[in-house]
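Encoded as structure tokens, the structure appears first; notes follow it.
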Ligand code: GUN
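Numbering (the numbering used here), first residue to last: 1103 to 1397.
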């Protein structure tokens, strides 16, 4: 059984990006610039954004963090967020930006995503990028699915002709990953099944998977009886579960019952250190692509 080391793969890709950036800067170009808007103080979002800012430094990018406050007493005015997005859309010094999700419940996330200029939407969430992705046109690919595809590619895991079963139909993982793996050509050509909460007899479907992707956000949901011997398992879950033995008071738990599933697999991604670092690296690759498109 192979443990697929996303952390090491991401570190190698970041070194490749840093070398490209150094060469761009030596040729007189600006360093790529990623901006992030963070609303409120959700613990998970704080960590993710801090990791993105750190990855920018590792890659030689410039980064900006824009914090907007929102509390129960003083909820964020949507107009303030939209004005910030408009400013970033127009700023020629910013190559790409993200609005960290989730947003407070009173804010319409889709309206926010649609306000972002698609040419700066390095998350690949805008319907223009989603549509281009599903038709196989050049675009910003959604970061987590792109990270998974790259992780498989760098570990010589073929997708052509394989049965891929994705559990979870979210707009940021399940649906775009299905679209990528369906495409004709390298890293595609898979037979893809997407399962969700209304799928009957889920285990009978997941057991048919050569490659099983768990992206539901329910710790330990995929148990050993749901996995075929020799399957490749990709765990996208990163739920914080209370753990009093940790200084932080929590640990990250994947969607897979790792202890019992791993011995059955030919390869598996751990949590943490599997898909997570690859997601951030994909965002860096999109930002580099955005900067190159602006040359
Ligand atoms: N929240 C969880 N994942 C993501 C992501 O990839 N991008 C943004 N903007 N928010 C997220």
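Beta carbons are placed, not taken as given, at the ideal position from N, Cα and C, and that holds for glycine.
Contact under 8 Å by Cβ, residue i with residue j
| i | j | result |
| --- | --- | --- |
| residue 1283 | residue 1106 | no |
| residue 1135 | residue 1197 | yes |
| residue 1248 | residue 1355 | no |
| residue 1331 | residue 1357 | no |
| residue 1202 | residue 1140 | yes |
| residue 1114 | residue 1161 | no |
| residue 1232 | residue 1271 | no |
| residue 1142 | residue 1206 | yes |
| residue 1366 | residue 1326 | yes |
| residue 1294 | residue 1318 | no |
| residue 1368 | residue 1333 | yes |
| residue 1359 | residue 1352 | no |
| residue 1241 | residue 1226 | yes |
| residue 1311 | residue 1362 | no |
| residue 1111 | residue 1256 | yes |
| residue 1340 | residue 1315 | no |
| residue 1328 | residue 1108 | no |
| residue 1382 | residue 1159 | no |
| residue 1238 | residue 1285 | yes |
| residue 1103 | residue 1292 | no |
| residue 1178 | residue 1172 | yes |
Expected contact under 8 Å - CB spacing of residue i and residue j to nearest Å
| i | j | result |
| --- | --- | --- |
| residue 1224 | residue 1200 | 6 Å |
| residue 1377 | residue 1246 | 7 Å |
| residue 1163 | residue 1371 | That pair is no contact at about 26 Å. |
| residue 1281 | residue 1350 | In fact, because the Cβ distance is near 35 Å, the residues do not count as touching under 8 Å. |
| residue 1324 | residue 1308 | 7 Å |
| residue 1133 | residue 1154 | Rounded, the Cβ-Cβ distance is 15 Å, inconsistent with contact. |
| residue 1228 | residue 1209 | About 17 Å separates the two Cβ atoms, so there is no contact after all. |
| residue 1386 | residue 1116 | 7 Å |
| residue 1222 | residue 1392 | 6 Å |
| residue 1218 | residue 1187 | 6 Å |
| residue 1167 | residue 1151 | 7 Å |
| residue 1343 | residue 1321 | 6 Å |
Residue i - DSSP class collapsed to helix/strand/coil
| i | result |
| --- | --- |
| residue 1198 | strand |
| residue 1355 | strand |
| residue 1212 | helix |
| residue 1295 | strand |
| residue 1122 | helix |
| residue 1179 | coil |
| residue 1223 | strand |
| residue 1173 | coil |
| residue 1160 | helix |
| residue 1133 | coil |
| residue 1275 | coil |
| residue 1188 | helix |
| residue 1260 | coil |
| residue 1146 | helix |
| residue 1286 | coil |
| residue 1255 | helix |
| residue 1381 | helix |
| residue 1234 | helix |
| residue 1390 | helix |
| residue 1304 | helix |
| residue 1249 | helix |
| residue 1155 | helix |
| residue 1229 | helix |
One or two residues paired with residue i in a DSSP bridge
| i | result |
| --- | --- |
| residue 1117 | None; residue 1117 has no bridge partner. |
| residue 1167 | 1138 |
| residue 1369 | 1104, 1334 |
| residue 1269 | 1297, 1316 |
| residue 1344 | 1352 |
Minimum Cβ-Cβ distance from residue i to chain B less than 8 Å
| i | result |
| --- | --- |
| residue 1327 | Within the model displayed, chain B is absent; a lone protein chain is all it includes. |
*Which ranges does the alpha helix (DSSP H) cover as unbroken runs of at least 4 residues, wholly within the region 1307-1341, from first to last along the chain?*
none
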